[in-house]
Every structure is written in structure tokens, then in C-alpha cells.
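J.:
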Amino acid sequence: MNVSPAPVKIRLRSLPPLAGLSWIRRGFRMFWRRPLGFVGLWLFFTLCVFMIAFFAVAISPLVMLAVAAWMPLLSVGFMQAATDVLADQKLRPAVFRTPFTTTRQAARGMLAVMLIYVAAVALLAVCANAMDGGDTQRWLHAASTPGADGKPPAIAPMSAASVSAIRFVMLGLTLISIPLWYVPALVQWGGQGVAQAMFSSVVALWRTKGAFVTFLAGWAVVGFVFDAIVQVLASIFGIEAMSLAALTGQMMLSITYFLSLWFGFADTFEISSPAPFHTVMADAEPPAA
12 MNVSPAPVKI RLRSLPPLAG LSWIRRGFRM FWRRPLGFVG LWLFFTLCVF MIAFFAVAIS
72 PLVMLAVAAW MPLLSVGFMQ AATDVLADQK LRPAVFRTPF TTTRQAARGM LAVMLIYVAA
132 VALLAVCANA MDGGDTQRWL HAASTPGADG KPPAIAPMSA ASVSAIRFVM LGLTLISIPL
192 WYVPALVQWG GQGVAQAMFS SVVALWRTKG AFVTFLAGWA VVGFVFDAIV QVLASIFGIE
252 AMSLAALTGQ MMLSITYFLS LWFGFADTFE ISSPAPFHTV MADAEPPAA
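Letter by letter, the sequence shown follows residues 12 to 300 of the working numbering.
#1: Would you call Gln203 buried or exposed, if buried means 16 or more other Cβ atoms sit within 10 Å of its Cβ?
#2: How would you call Thr259, buried or exposed, if buried means at least 16 neighbouring beta carbons within 10 angstroms?
#3: Please confirm if the stretch 118–130 is in contact with the stretch 193–211, defined as three or more CB-CB distances below 8 angstroms between the two stretches.
#4: Residues in the same chain with beta-carbon distance under 7 angstroms from Met41, minus the five sequence neighbours each way, listed in chain order, please.
#5: Name the two residues that bound the continuous alpha helix (DSSP H) containing Phe39.
#6: Any contact of the stretch 25–42 with the stretch 217–234, i.e. 3+ C-beta pairs under 8 angstroms?
#7: Pull up the distance between the alpha-carbon of Val129 and that of Ile247, whole angstroms please.
#8: Going along the chain, which residues of its own chain have a beta-carbon closer than 8 angstroms to the beta-carbon of Met142, five neighbours each way excluded?
#9: I need the straight-line Cα distance from Cys59 to Leu52, nearest angstrom please.
#10: Once the 5 residues before and after Phe55 are set aside, which same chain residues still bring their CB inside 6 angstroms of it?
#11: Report the option in Val87, Val137, Leu135 whose CA atom is closest to the CA atom of Thr113.
#12: Quick check on Ile189: does DSSP put it in helix, strand or coil?
#13: Tell me which residue opens and which closes the alpha helix (DSSP H) that Gln207 is part of.
#14: Would you check if the distance between the CB atom of Phe111 and the CB atom of Ile266 is smaller than 8 angstroms?
#15: Specify the secondary structure class of Thr114 as computed by DSSP and reduced to three states.
#16: So what's Ser25 in DSSP terms, helix, strand or just coil?
#17: Under 8 angstroms, do Phe276 and Ala222 count as touching if we go by C-beta distance?
#18: Using a Cβ-Cβ cut-off of 7 angstroms (strictly less than) and excluding sequence neighbours within five positions of Val198, which residues of its own chain qualify?
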């Protein structure tokens, strides 16, 4: 019989600004310890989200907002995967079920966080639609609808209102992500309620603001350098030859980013051992005869 794990003891501490770069570096090291395993997890998660999005569009485009609810699961899943690798455990798709296989409190908290994401994205979408009068939605529909001859449609430039609406959404998503930064992890492993986790997350980001800004700036530089390299190679070998390599590189960077979140969480809340974070499904297997 499985016993629900006790919340992990956490202690908030201050960190130097360079700690943010350390999280990125350790994220890359973590990826290269099990590259195929992490890629497999990413493809599994992407396939699940794609299937949900595909059926959601058939029901209503508004149902696509539910895809935003998966972001906390993606974050917690790869943090769980990082700790499994640190503990020499196998990587399993079960990491994405972690919030629902531990305690009822964690499951309820994660559902609440997922609903917050959906509500926030829905509110931003409504506001953006009001700002541009639906121009962005019409542009996206035109860009995704093939012409009568089956050829790709001629895409008109975005209107100024659409550009402003997109900038508003990006700014809104950034502002929303700040109070929710550590919330999924604190709900899952810290045993905190959603409100307490949001407060703890904001306080943690303030206490480690130097490291947090360095972390974001470091990833911005990584993304800029990657894009520059892709542009240079595309000009030499052609866009078609570089498209698959660019997608693969982008996938690797995305995985590494989510892995680096674990190191930020562990350093910020002084968690030294990954032992309490083992995937519950792995512990639930029957012993070998």
C-alpha cells in the first residue's frame, strides 16, 4: 500500500545574481545525461497536447484555451524528471501524472492552478480581441486556410492593432507568470495551498531577484545566439536544409529550460536531496519475485 509522502521541508534563502547562470548551466548538463529520454518525454507530452488541441478545435476554437492548463503539468513533469535522473531512476511518462498520484491536497491545488492559467489566458484573449476588433483572429484564420487551388494562402501583413494586441498578450503572460513561477512546485511538493504558494513564490522571486533576472537574461542570450546561428547556417545551406535542425535545436532548448527550473527551485528553497521527489508510479511497482 502506498503512503502519501510528507511535504518536503523548504527554507527560502537569498542567492547571488550569478546563481541564475548556474541554473542554466546545470540544466544543459542534466539534458545531456539522458537526451533521448528527455526528448521522448517532450514528444509524448507534445503529442497529447496536439491531440487535445485537434479535437478542441472541432468543438470550438475557444476550447483551445484549455491547452494553457497543461503548462503547470509540463513544468512539474520536467522538474520531476530532473530529480528522477539525479536519483538514477528511469524516465517515465508518469512524471506528468505526478500531481495526481501523491495527495488529494496536491491534486486539488494543481487543478486550481490549471484553472487559473485557463482563466488568465481567456481574459487576455478577450481583452486582445476587444483591442484589435478581431483582426488577429481573422489574420490567423486566413493564414491557416489554404487557397482554392490548394496552394498556401497569400498572407497579408498584420495590422498595427494586431501587433499591439499581441504585445499586450505577451506582456500579460509575463506578468501572470511572475506570481505563478514556483506555485506548481510549491503546491506539489511544499504542501502549500494555492494562495500561500503564490505569496511564497512572489517573496522568493523578490529575495532572489538578482538571480532571477540573470536567469531570464541568460536564456534571452541563449535564444538570441541560437537564432543568429540558425540564420547564418540557413543563408549558407538554405532554409529547407536547416528547418529540421532548427526544430530539433529549439526542442532541446525548450527541454533544457524546463529542466533548469528545478535547479532554480532547489536553490531558492534550499532543497539538497532529490530523494523525496521520486516518481510515485516508480515506487508503486510490485517487487520482483
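The beta carbon of each residue, even a glycine, is placed where N, CA and C say it ideally should be.
T.: The relevant details are as follows:
#1: Numbered from its first residue, the sequence shown carries residue 203 at position 192. Result: buried.
#2: Numbered from its first residue, the sequence shown carries residue 259 at position 248. Per the 10 Å Cβ criterion, exposed.
#3: yes
#4: Here residue 41 refers to the residue found at position 30 when the sequence shown is read from its first residue. Excluding sequence neighbours, Met41 sits near Ala93, Val96, Leu270.
#5: Along the sequence shown, read from residue 1 onward, the residue named residue 39 stands at position 28. First-last of the alpha helix (DSSP H) with Phe39: 30–44.
#6: yes
#7: As a first step, residue 129 must be located in the sequence shown, where it is residue number 118. As a first step, residue 247 must be located in the sequence shown, where it is residue number 236. Roughly 42 angstroms between the two C-alpha positions.
#8: To locate residue 142, count along the sequence shown from 1; it is residue 131. Same-chain partners within the cutoff: Ala172, Ser175, Ala176, Phe179.
#9: By one-based count along the sequence shown, residue 59 stands at place 48. By one-based count along the sequence shown, residue 52 stands at place 41. The straight-line gap from Cα to Cα measures roughly 11 angstroms.
#10: Indexing the sequence shown from 1 puts residue 55 at position 44. Closer than 6 angstroms at Cβ, skipping near neighbours: Pro104.
#11: Counting from 1 along the sequence shown, the entry for residue 113 is found at position 102. That would be Val87, whose Cα lies nearest to the Cα of Thr113.
#12: Looking up residue 189 in the sequence shown gives position 178. Of the three classes helix, strand and coil, the one that applies to Ile189 here is coil, per DSSP.
#13: Position 196 of the sequence shown, counting from 1, holds the residue named residue 207. Where Gln207 is concerned, the enclosing alpha helix (DSSP H) stretches over 205–218.
#14: Translated into positions along the sequence shown, residue 111 becomes position 100. Translated into positions along the sequence shown, residue 266 becomes position 255. No.
#15: As a first step, residue 114 must be located in the sequence shown, where it is residue number 103. Note: Thr114 maps to coil in three-state DSSP.
#16: The residue given as residue 25 occupies position 14 in the sequence shown. In the structure shown, Ser25 sits in coil (DSSP, three-state: anything other than H, G, I, E or B).
#17: If you number the sequence shown from 1, residue 276 lands on position 265. If you number the sequence shown from 1, residue 222 lands on position 211. Their beta carbons are not under 8 angstroms apart, which means Phe276 does not touch Ala222 by this criterion.
#18: Start at 1 with the first residue of the sequence shown, and residue 198 comes out as number 187. Cβ neighbours of Val198 beyond the five flanking positions: Ala117, Gly120, Met121, Val124, Val205, Ala208.
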